[in-house]
Amino acid sequence: MTEALIVATARSPIGRANKGTLTELRPDDMSAQIIRALMAKVPQLKADDVEDLMMGCGQPAGEAGFNIARVVAVLAGLDNVPGVTVNRYCSSSLQTIRMAAHAIKAGEGDCFIAAGVETVSRYASGASDIAPNAIFKPSGARTKARAAGGQGVWSAAAGLADMYIAMGQTAENVRELEGVTRLEMDAFGARSQQRAVANQENGFFDREISPLTLPNGTVISKDDGPRAGTTAEGLAGLKPV
Numbered sequence: 034m035t036e037a038l039i040v041a042t043a044r045s046p047i048g049r050a051n052k053g054t055l056t057e058l059r060p061d062d063m064s065a066q067i068i069r070a071l072m073a074k075v076p077q078l079k080a081d082d083v084e085d086l087m088m089g090c091g092q093p094a095g096e097a098g099f100n101i102a103r104v105v106a107v108l109a110g111l112d113n114v115p116g117v118t119v120n121r122y123c124s125s126s127l128q129t130i131r132m133a134a135h136a137i138k139a140g141e142g143d144c145f146i147a148a149g150v151e152t153v154s155r156y157a158s159g160a161s162d163i164a165p166n167a168i169f170k171p172s173g174a175r176t177k178a179r180a181a182g183g184q185g186v187w188s189a190a191a192g193l194a195d196m197y198i199a200m201g202q203t204a205e206n207v208r209e210l211e212g213v214t215r216l217e218m219d220a221f222g223a224r225s226q227q228r229a230v231a232n233q234e235n236g237f238f239d240r241e242i243s244p245l246t247l248p249n250g251t252v253i254s255k256d257d258g259p260r261a262g263t264t265a266e267g268l269a270g271l272k273p274v
């Protein structure tokens, strides 16, 4: 069986939700820049060598709609390459890597682009999850009651699980179940920020980031997330979501 290998990678800088450096850049335009940067890393690879562009997207609507994978292929100059948009929420792009590996091992082709895009900076421009099934209302009410507090340690309830529970509420349930304290989380968060800042300053992330050019010509080459001066004491003063 043919082995599947990753021969080149590229990623954009990471912005912030509804704010930050990337609010002026559409997800399709952003992705096209990164795909072009990826192709440039393998100059011997031609557009016609690519069998398919597989793109993961958890909210494939609005500016990320219209089968964004195919839109990106055209914008990136890969006009003859088909595209498929894949939704497995937070692991959507991981799923495209899995699909590409399967296709290569099955002999369907030799070269695939596995990618992912999620532009939380511009969610106001369209989202896909807007019509939940009413059958989940009781489980949703259970989640809402837990969010208000005083429900004790989480345990599996009878009936349907809350299909639409937010990631933050899931994290809170896991925190209760595993007994993780606010103090521990603040310490972990501060340590994570401090390490991220240190590695951003020493250039560790430069090797993996492909800079983005905004419509006004500004070039973005750093992640927005790392915040210098973050301390556990400072985090302790933040109100929980």
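Per our numbering, the very first residue in the sequence shown carries number 34; after that it's consecutive. Yeah, the Cβ is synthetic: ideal placement off N, Cα and C, and Gly gets one too.
- Out of 84, 87, 249 and 152, the CA that lies nearest to the CA of residue 95 is found in 152.
- Rounded to whole angstroms, residue 193 and residue 66 show a C-alpha spacing of 43 Å.
- Taking residue 270 as reference, the option from 223, 237, 209 and 248 with the minimal CA-CA separation is 223.
- Using a Cβ distance threshold of 8 Å, residue 75 and residue 41 count as a contacting pair.
- Judged by DSSP in its simplified three-state form, residue 229 adopts helix.
- Rounded to the nearest angstrom, the gap between the Cα atoms of residue 88 and residue 62 is 14 Å.
- In the three-state reduction of the DSSP assignment, residue 245 falls in the strand class, which pools E and B.
- When 82, 120 and 111 are compared, the shortest CA-CA separation from residue 97 is found for 120.
- For residue 104, same chain residues with a beta-carbon under 8 Å away, outside a window of 5 residues either side, are 61 and 116 in chain order.
- Residue pairing by DSSP places residue 116 opposite 86 in a beta bridge.
- Taking C-beta separations shorter than 6 Å and ignoring five residues to either side along the sequence, the partners of residue 43 in its chain run 67, 70, 71 and 243, following chain order.
- Secondary structure note for residue 149: its beta strand (DSSP E) is the uninterrupted segment 145–149.
- By the Cβ-count criterion, residue 273 is exposed, with fewer than 16 other Cβ atoms from all chains shown falling within 10 Å of its own Cβ.
- DSSP places residue 49 within a strand segment (E or B) once states are collapsed to three.
- Assigned with DSSP and collapsed to three states, residue 260 falls in coil, not helix or strand.
- With a 10 Å radius around the Cβ and a threshold of 16 neighbouring Cβ atoms, residue 188 comes out exposed.
- The Cβ neighbour count for residue 226, taken over all protein chains shown within 10 Å, is at least 16; the residue is labelled buried.
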